[in-house]
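Novice: Quick note on the numbering used here: the sequence shown kicks off at 125 and runs consecutively. Glycine included, C-beta positions come from ideal geometry on N, C-alpha and C. Just so we're clear, the structure is a prediction, and the values are computed from it rather than from any experiment. Quick one: this structure, given as C-alpha coordinates, is what I'll be asking you about.
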Amino acid sequence: MRILVLGGTVFLSRAVAEAAVARGHDVTCAARGVSGTVPDGATLVRWDRAEAVPAELVEAQFDAVVDVSRVPSHVRSAVAAFPDAHWTFVSTVNVYADTTTVGGTPATLPLLDPVETDEDPSSGPDVYGAMKVACENLVRSGVAAPLVIRPGLIVGPGDPSGRFAYWPARFAQAAEDGLPVLVPEPADAPVQLVDVRDLAEWIITAAEQGTTGDFDAVCPPLPRSELLAQVAAGAGADPELVAVAPEVLAEHEVVPWSGPRSIPVWVADLVDAGFLAHDVTSSLEAGLKIRPFADTTRDTLAWLRATPSAKITGLTRDEEQEVLSAVRR
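Here's what the structure looks like:
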(Lines of atoms letter the chains of each structure in order from A and count residues from 1; the text may use other names and numbers.)
(Lines give C-alpha, C1' and ligand atoms only; values in the text may rest on other atoms or scores of the structure.)
Protein backbone atom coordinates (compact mmCIF):
# COMPACT_ATOMS: atom_id res chain seq x y z
CA MET A 1 0.00 0.00 0.00
CA ARG A 2 1.00 3.61 -0.50
CA ILE A 3 0.42 5.30 2.85
CA LEU A 4 0.56 9.02 3.55
CA VAL A 5 1.26 9.94 7.17
CA LEU A 6 0.52 13.58 7.89
CA GLY A 7 3.35 14.13 10.33
CA GLY A 8 5.71 11.22 10.85
CA THR A 9 8.46 12.88 12.88
CA VAL A 10 7.17 12.85 16.49
CA PHE A 11 5.74 10.19 18.81
CA LEU A 12 2.48 8.69 17.47
CA SER A 13 2.73 9.77 13.84
CA ARG A 14 6.36 8.59 13.75
CA ALA A 15 5.37 5.28 15.33
CA VAL A 16 2.69 4.88 12.64
CA ALA A 17 5.26 5.50 9.91
CA GLU A 18 7.66 3.03 11.54
CA ALA A 19 4.98 0.35 11.74
CA ALA A 20 4.00 0.88 8.10
CA VAL A 21 7.61 0.71 6.89
CA ALA A 22 8.20 -2.45 8.94
CA ARG A 23 5.29 -4.12 7.15
CA GLY A 24 6.70 -3.27 3.74
CA HIS A 25 4.43 -0.40 2.77
CA ASP A 26 5.48 2.58 0.66
CA VAL A 27 5.36 5.40 3.23
CA THR A 28 5.39 9.14 2.64
CA CYS A 29 5.50 11.53 5.59
CA ALA A 30 4.29 15.09 5.04
CA ALA A 31 5.69 17.44 7.68
CA ARG A 32 7.67 20.62 8.12
CA GLY A 33 10.61 18.47 9.14
CA VAL A 34 11.67 20.68 12.04
CA SER A 35 10.52 18.52 14.98
CA GLY A 36 12.47 15.41 14.14
CA THR A 37 13.33 12.90 11.44
CA VAL A 38 11.15 10.41 9.63
CA PRO A 39 11.89 6.69 10.07
CA ASP A 40 14.43 5.01 7.82
CA GLY A 41 12.62 3.76 4.74
CA ALA A 42 10.04 6.57 4.69
CA THR A 43 10.07 9.55 2.33
CA LEU A 44 9.73 13.08 3.70
CA VAL A 45 7.80 15.70 1.75
CA ARG A 46 8.09 19.06 3.48
CA TRP A 47 4.71 20.70 4.05
CA ASP A 48 3.64 23.46 6.39
CA ARG A 49 -0.07 22.74 6.63
CA ALA A 50 -0.91 26.42 6.85
CA GLU A 51 0.10 26.54 3.18
CA ALA A 52 -1.29 24.86 0.05
CA VAL A 53 -0.86 21.12 -0.39
CA PRO A 54 2.39 20.47 -2.32
CA ALA A 55 1.84 19.46 -5.93
CA GLU A 56 3.87 16.28 -5.53
CA LEU A 57 1.37 15.09 -2.92
CA VAL A 58 -1.71 16.12 -4.87
CA GLU A 59 -0.44 14.29 -7.94
CA ALA A 60 0.37 11.11 -6.02
CA GLN A 61 -2.10 8.28 -5.49
CA PHE A 62 -2.34 7.13 -1.87
CA ASP A 63 -4.24 4.09 -0.66
CA ALA A 64 -4.41 5.31 2.92
CA VAL A 65 -3.96 8.55 4.88
CA VAL A 66 -3.30 8.91 8.60
CA ASP A 67 -3.85 12.30 10.23
CA VAL A 68 -3.35 13.34 13.87
CA SER A 69 -4.13 17.06 13.48
CA ARG A 70 -6.26 19.09 15.88
CA VAL A 71 -6.66 22.07 13.52
CA PRO A 72 -9.88 22.08 11.45
CA SER A 73 -8.45 24.10 8.55
CA HIS A 74 -5.56 21.65 8.22
CA VAL A 75 -7.90 18.67 8.09
CA ARG A 76 -10.24 20.45 5.68
CA SER A 77 -7.50 21.02 3.08
CA ALA A 78 -6.10 17.50 3.44
CA VAL A 79 -9.52 15.87 3.05
CA ALA A 80 -10.12 17.90 -0.10
CA ALA A 81 -6.77 16.79 -1.51
CA PHE A 82 -7.08 13.04 -0.74
CA PRO A 83 -10.79 12.13 -0.65
CA ASP A 84 -10.53 8.69 -2.21
CA ALA A 85 -8.08 7.09 0.24
CA HIS A 86 -8.86 5.12 3.37
CA TRP A 87 -8.62 7.78 6.08
CA THR A 88 -7.64 7.24 9.70
CA PHE A 89 -8.22 10.33 11.78
CA VAL A 90 -6.71 10.13 15.26
CA SER A 91 -9.05 12.06 17.53
CA THR A 92 -9.32 11.96 21.34
CA VAL A 93 -11.64 10.84 24.13
CA ASN A 94 -11.94 14.54 24.95
CA VAL A 95 -14.62 14.76 22.24
CA TYR A 96 -17.24 13.29 24.58
CA ALA A 97 -19.77 15.57 26.23
CA ASP A 98 -20.78 12.83 28.69
CA THR A 99 -18.00 11.90 31.11
CA THR A 100 -20.25 10.50 33.84
CA THR A 101 -21.47 7.28 32.21
CA VAL A 102 -19.35 4.27 33.13
CA GLY A 103 -18.99 1.80 30.27
CA GLY A 104 -19.76 4.32 27.55
CA THR A 105 -18.86 3.65 23.92
CA PRO A 106 -18.66 5.68 20.71
CA ALA A 107 -22.14 4.40 19.90
CA THR A 108 -23.67 5.60 23.18
CA LEU A 109 -21.83 8.75 24.28
CA PRO A 110 -22.81 12.19 22.93
CA LEU A 111 -20.15 14.51 21.54
CA LEU A 112 -19.32 18.13 22.23
CA ASP A 113 -20.63 20.70 19.79
CA PRO A 114 -17.97 21.18 17.11
CA VAL A 115 -15.71 24.23 16.96
CA GLU A 116 -14.95 24.61 13.27
CA THR A 117 -12.52 27.52 13.58
CA ASP A 118 -8.85 27.25 14.45
CA GLU A 119 -8.66 28.11 18.14
CA ASP A 120 -5.84 27.96 20.64
CA PRO A 121 -6.03 24.39 22.09
CA SER A 122 -4.45 25.64 25.32
CA SER A 123 -7.83 27.27 25.99
CA GLY A 124 -8.78 23.99 27.65
CA PRO A 125 -9.73 20.36 26.98
CA ASP A 126 -13.26 21.28 25.90
CA VAL A 127 -11.97 23.56 23.13
CA TYR A 128 -9.43 20.96 22.09
CA GLY A 129 -12.11 18.26 22.09
CA ALA A 130 -14.59 20.44 20.20
CA MET A 131 -12.03 21.16 17.46
CA LYS A 132 -11.38 17.43 17.19
CA VAL A 133 -15.14 16.89 16.76
CA ALA A 134 -15.07 19.33 13.84
CA CYS A 135 -12.11 17.47 12.35
CA GLU A 136 -13.94 14.15 12.71
CA ASN A 137 -16.95 15.58 10.90
CA LEU A 138 -14.78 16.83 8.04
CA VAL A 139 -13.29 13.38 7.59
CA ARG A 140 -16.61 11.55 7.78
CA SER A 141 -18.29 13.84 5.28
CA GLY A 142 -15.36 14.23 2.91
CA VAL A 143 -13.69 10.87 2.34
CA ALA A 144 -14.73 7.52 0.97
CA ALA A 145 -13.60 5.30 3.86
CA PRO A 146 -13.36 7.13 7.21
CA LEU A 147 -11.99 5.62 10.40
CA VAL A 148 -12.02 7.70 13.60
CA ILE A 149 -9.87 6.50 16.49
CA ARG A 150 -10.14 8.19 19.89
CA PRO A 151 -7.18 7.54 22.19
CA GLY A 152 -6.86 8.59 25.77
CA LEU A 153 -3.40 8.85 27.34
CA ILE A 154 -0.82 7.55 24.85
CA VAL A 155 2.33 6.24 26.55
CA GLY A 156 5.64 4.60 25.79
CA PRO A 157 9.06 5.44 24.36
CA GLY A 158 9.24 8.87 22.78
CA ASP A 159 6.37 10.38 24.79
CA PRO A 160 6.92 14.16 24.75
CA SER A 161 4.47 14.77 27.63
CA GLY A 162 6.54 12.95 30.26
CA ARG A 163 3.42 11.88 32.15
CA PHE A 164 3.56 8.09 32.15
CA ALA A 165 7.38 8.29 32.20
CA TYR A 166 7.11 9.67 35.73
CA TRP A 167 6.19 6.25 37.08
CA PRO A 168 8.90 4.08 35.46
CA ALA A 169 11.47 6.72 36.41
CA ARG A 170 10.18 6.96 39.99
CA PHE A 171 10.13 3.19 40.54
CA ALA A 172 13.63 2.91 39.07
CA GLN A 173 14.78 5.61 41.52
CA ALA A 174 13.16 3.70 44.37
CA ALA A 175 15.02 0.54 43.35
CA GLU A 176 18.26 2.49 43.70
CA ASP A 177 17.68 4.63 46.81
CA GLY A 178 15.37 2.33 48.80
CA LEU A 179 12.99 5.18 49.64
CA PRO A 180 9.18 4.87 49.52
CA VAL A 181 6.95 5.98 46.66
CA LEU A 182 3.93 8.22 47.16
CA VAL A 183 0.72 7.03 45.51
CA PRO A 184 -2.61 8.86 45.60
CA GLU A 185 -5.80 7.39 46.94
CA PRO A 186 -8.03 5.71 45.97
CA ALA A 187 -5.67 2.97 44.83
CA ASP A 188 -8.25 1.15 42.76
CA ALA A 189 -9.56 4.10 40.75
CA PRO A 190 -9.66 3.06 37.06
CA VAL A 191 -7.18 4.28 34.50
CA GLN A 192 -7.12 3.79 30.73
CA LEU A 193 -4.11 4.26 28.48
CA VAL A 194 -2.49 2.76 25.40
CA ASP A 195 1.07 2.03 24.33
CA VAL A 196 1.96 4.17 21.31
CA ARG A 197 3.22 1.10 19.42
CA ASP A 198 -0.01 -0.84 19.99
CA LEU A 199 -1.98 2.12 18.69
CA ALA A 200 0.29 2.51 15.66
CA GLU A 201 0.09 -1.20 14.79
CA TRP A 202 -3.68 -1.09 15.00
CA ILE A 203 -3.85 1.96 12.73
CA ILE A 204 -1.85 0.16 10.04
CA THR A 205 -3.87 -3.05 10.45
CA ALA A 206 -7.09 -1.04 10.07
CA ALA A 207 -5.76 0.60 6.91
CA GLU A 208 -4.81 -2.79 5.46
CA GLN A 209 -8.25 -4.20 6.26
CA GLY A 210 -10.22 -1.10 5.24
CA THR A 211 -11.79 -0.75 8.68
CA THR A 212 -14.23 2.13 9.08
CA GLY A 213 -16.26 3.52 11.95
CA ASP A 214 -15.60 5.15 15.32
CA PHE A 215 -13.54 3.49 18.05
CA ASP A 216 -11.91 4.34 21.38
CA ALA A 217 -8.24 3.43 21.65
CA VAL A 218 -7.37 2.63 25.26
CA CYS A 219 -6.98 -0.48 27.38
CA PRO A 220 -9.96 -1.86 29.32
CA PRO A 221 -10.36 -0.02 32.66
CA LEU A 222 -7.42 -0.97 34.86
CA PRO A 223 -7.19 -0.29 38.62
CA ARG A 224 -4.31 2.11 39.22
CA SER A 225 -2.91 -0.33 41.79
CA GLU A 226 -2.63 -2.96 39.05
CA LEU A 227 -1.01 -0.49 36.67
CA LEU A 228 1.57 0.41 39.32
CA ALA A 229 2.20 -3.27 40.04
CA GLN A 230 3.00 -3.75 36.35
CA VAL A 231 5.24 -0.65 36.40
CA ALA A 232 7.07 -2.04 39.44
CA ALA A 233 7.62 -5.35 37.66
CA GLY A 234 8.90 -3.62 34.55
CA ALA A 235 11.25 -1.45 36.60
CA GLY A 236 12.48 -4.35 38.71
CA ALA A 237 11.42 -2.58 41.88
CA ASP A 238 9.42 -3.46 44.98
CA PRO A 239 9.31 -0.21 47.00
CA GLU A 240 7.13 0.67 49.93
CA LEU A 241 4.04 2.43 48.58
CA VAL A 242 2.56 5.14 50.79
CA ALA A 243 -1.04 6.01 49.93
CA VAL A 244 -2.05 9.61 50.60
CA ALA A 245 -5.57 11.04 50.47
CA PRO A 246 -6.36 13.69 47.84
CA GLU A 247 -7.25 16.33 50.43
CA VAL A 248 -3.87 15.85 52.12
CA LEU A 249 -2.07 16.14 48.80
CA ALA A 250 -3.96 19.37 48.12
CA GLU A 251 -2.78 20.74 51.49
CA HIS A 252 0.78 20.18 50.29
CA GLU A 253 0.09 21.80 46.90
CA VAL A 254 0.34 18.55 44.97
CA VAL A 255 -1.81 18.63 41.84
CA PRO A 256 -3.16 15.89 39.56
CA TRP A 257 -2.34 14.84 36.02
CA SER A 258 0.60 16.96 34.82
CA GLY A 259 2.87 19.91 35.42
CA PRO A 260 5.12 20.95 38.32
CA ARG A 261 4.34 19.27 41.67
CA SER A 262 1.92 16.88 39.99
CA ILE A 263 1.24 13.18 40.22
CA PRO A 264 0.65 11.98 36.66
CA VAL A 265 -2.01 9.39 35.73
CA TRP A 266 -4.02 10.64 38.71
CA VAL A 267 -7.06 12.71 37.82
CA ALA A 268 -8.53 13.35 41.30
CA ASP A 269 -11.71 15.36 40.74
CA LEU A 270 -10.60 16.80 37.40
CA VAL A 271 -12.91 14.42 35.55
CA ASP A 272 -16.03 12.38 36.21
CA ALA A 273 -16.18 8.66 36.88
CA GLY A 274 -16.88 7.70 33.29
CA PHE A 275 -13.89 9.46 31.70
CA LEU A 276 -11.48 6.60 32.36
CA ALA A 277 -14.02 3.78 32.28
CA HIS A 278 -14.99 3.31 28.64
CA ASP A 279 -16.10 -0.06 27.27
CA VAL A 280 -13.56 -0.90 24.53
CA THR A 281 -14.93 -4.31 23.54
CA SER A 282 -15.58 -3.15 19.99
CA SER A 283 -12.01 -1.85 19.64
CA LEU A 284 -10.49 -5.12 20.82
CA GLU A 285 -12.74 -7.01 18.41
CA ALA A 286 -11.58 -4.68 15.61
CA GLY A 287 -7.94 -5.55 16.20
CA LEU A 288 -6.57 -3.35 19.00
CA LYS A 289 -4.06 -5.34 21.04
CA ILE A 290 -2.80 -4.22 24.46
CA ARG A 291 0.65 -5.31 25.61
CA PRO A 292 1.47 -5.67 29.32
CA PHE A 293 2.40 -2.30 30.78
CA ALA A 294 5.42 -3.96 32.38
CA ASP A 295 6.79 -4.18 28.83
CA THR A 296 5.92 -0.54 28.22
CA THR A 297 7.75 0.35 31.44
CA ARG A 298 10.93 -1.52 30.48
CA ASP A 299 11.02 0.10 27.05
CA THR A 300 10.23 3.55 28.43
CA LEU A 301 13.06 3.25 30.93
CA ALA A 302 15.47 2.19 28.18
CA TRP A 303 14.41 5.22 26.13
CA LEU A 304 14.78 7.56 29.12
CA ARG A 305 18.29 6.28 29.84
CA ALA A 306 19.29 6.71 26.21
CA THR A 307 17.71 10.16 25.91
CA PRO A 308 19.03 12.64 28.50
CA SER A 309 16.77 15.37 27.10
CA ALA A 310 13.59 13.33 27.61
CA LYS A 311 10.94 15.15 29.62
CA ILE A 312 9.47 13.84 32.87
CA THR A 313 6.67 15.81 34.47
CA GLY A 314 5.57 15.70 38.08
CA LEU A 315 6.95 15.83 41.62
CA THR A 316 10.71 15.61 41.91
CA ARG A 317 12.04 12.87 44.15
CA ASP A 318 13.01 15.44 46.78
CA GLU A 319 9.56 17.06 46.69
CA GLU A 320 7.91 13.68 47.03
CA GLN A 321 9.98 12.76 50.08
CA GLU A 322 9.29 16.14 51.67
CA VAL A 323 5.55 15.51 51.31
CA LEU A 324 5.85 12.01 52.73
CA SER A 325 7.88 13.24 55.68
CA ALA A 326 5.29 15.91 56.44
CA VAL A 327 2.44 13.41 56.12
CA ARG A 328 4.11 10.94 58.45
CA ARG A 329 4.74 13.61 61.06
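Mapping the DSSP letters down to three states, classify serine 386 as helix, strand or coil.
Specialist: Serine 386: strand per DSSP, three-state reduction.
Novice: Contact between the segment 433–447 and the segment 277–286 is defined here as three or more beta-carbon pairs at a separation below 8 Å; is this criterion met?
Specialist: yes
Novice: Would you check if the segment 414–423 and the segment 234–248 touch, i.e. whether three or more CB-CB distances between them fall below 8 Å?
Specialist: The segment 234–248 makes no contact with the segment 414–423, as fewer than three CB pairs between them are under 8 Å.
Novice: Let me confirm a value: arginine 274 is counted as buried when at least 16 other C-beta atoms fall within 10 Å, else exposed. Which label applies?
Specialist: buried
Novice: Less than 8 Å between the C-beta atoms of valine 279 and valine 320, yes or no?
Specialist: yes
Novice: Bridge partners for glycine 276 per DSSP, in chain order?
Specialist: DSSP output for glycine 276 lists no bridge partner at all.
Novice: Three Cβ pairs or more, each shorter than 8 Å: is that satisfied between the segment 355–365 and the segment 292–299?
Specialist: yes
Novice: Using DSSP with H/G/I as helix, E/B as strand and the rest coil, what is isoleucine 127?
Specialist: strand
Novice: From Val214, Val177, Val158, Val219, pick the residue whose C-alpha is nearest to that of phenylalanine 399; which is it?
Specialist: Selection Val214, Val177, Val158, Val219 evaluated against phenylalanine 399 yields Val219 as nearest (Cα-Cα).
Novice: Report the start-end ranges of each beta strand (DSSP E) in the segment 348–421 that is 3 residues or longer and not cut off at the edges.
Specialist: 365–368
Novice: Any idea which residues DSSP pairs cysteine 259 with across the strands?
Specialist: Checking the DSSP bridge columns, you'll see cysteine 259 has no partner listed.
Novice: Mind pulling the beta strand (DSSP E) runs of 3 or more residues that sit fully within the segment 137–167?
Specialist: If only uninterrupted beta strand (DSSP E) runs of at least 3 residues are considered, those enclosed by the segment 137–167 are 150–155.
Novice: Extract the residue ranges of the alpha helix (DSSP H) inside the segment 173–238, only unbroken runs of 4 or more that lie entirely within it.
Specialist: 179–182, 196–205
Novice: Under 8 Å: do the segment 336–353 and the segment 399–408 share three or more Cβ pairs, one atom per stretch?
Specialist: yes
Novice: Could you give the first and the last residue of the continuous beta strand (DSSP E) run that contains alanine 268?
Specialist: Run containing alanine 268: none; DSSP gives neither H nor E here.
Novice: Tell me the DSSP bridge mates of aspartate 442?
Specialist: According to DSSP, aspartate 442 bridges with nothing at all.
Novice: Should glutamate 325 go down as buried or exposed, given a rule of 16 or more other Cβ atoms within 10 Å for buried?
Specialist: buried
Novice: In whole angstroms, what separates the C-alpha of serine 159 from that of valine 129?
Specialist: Spanning the two alpha carbons is a distance of roughly 15 Å.
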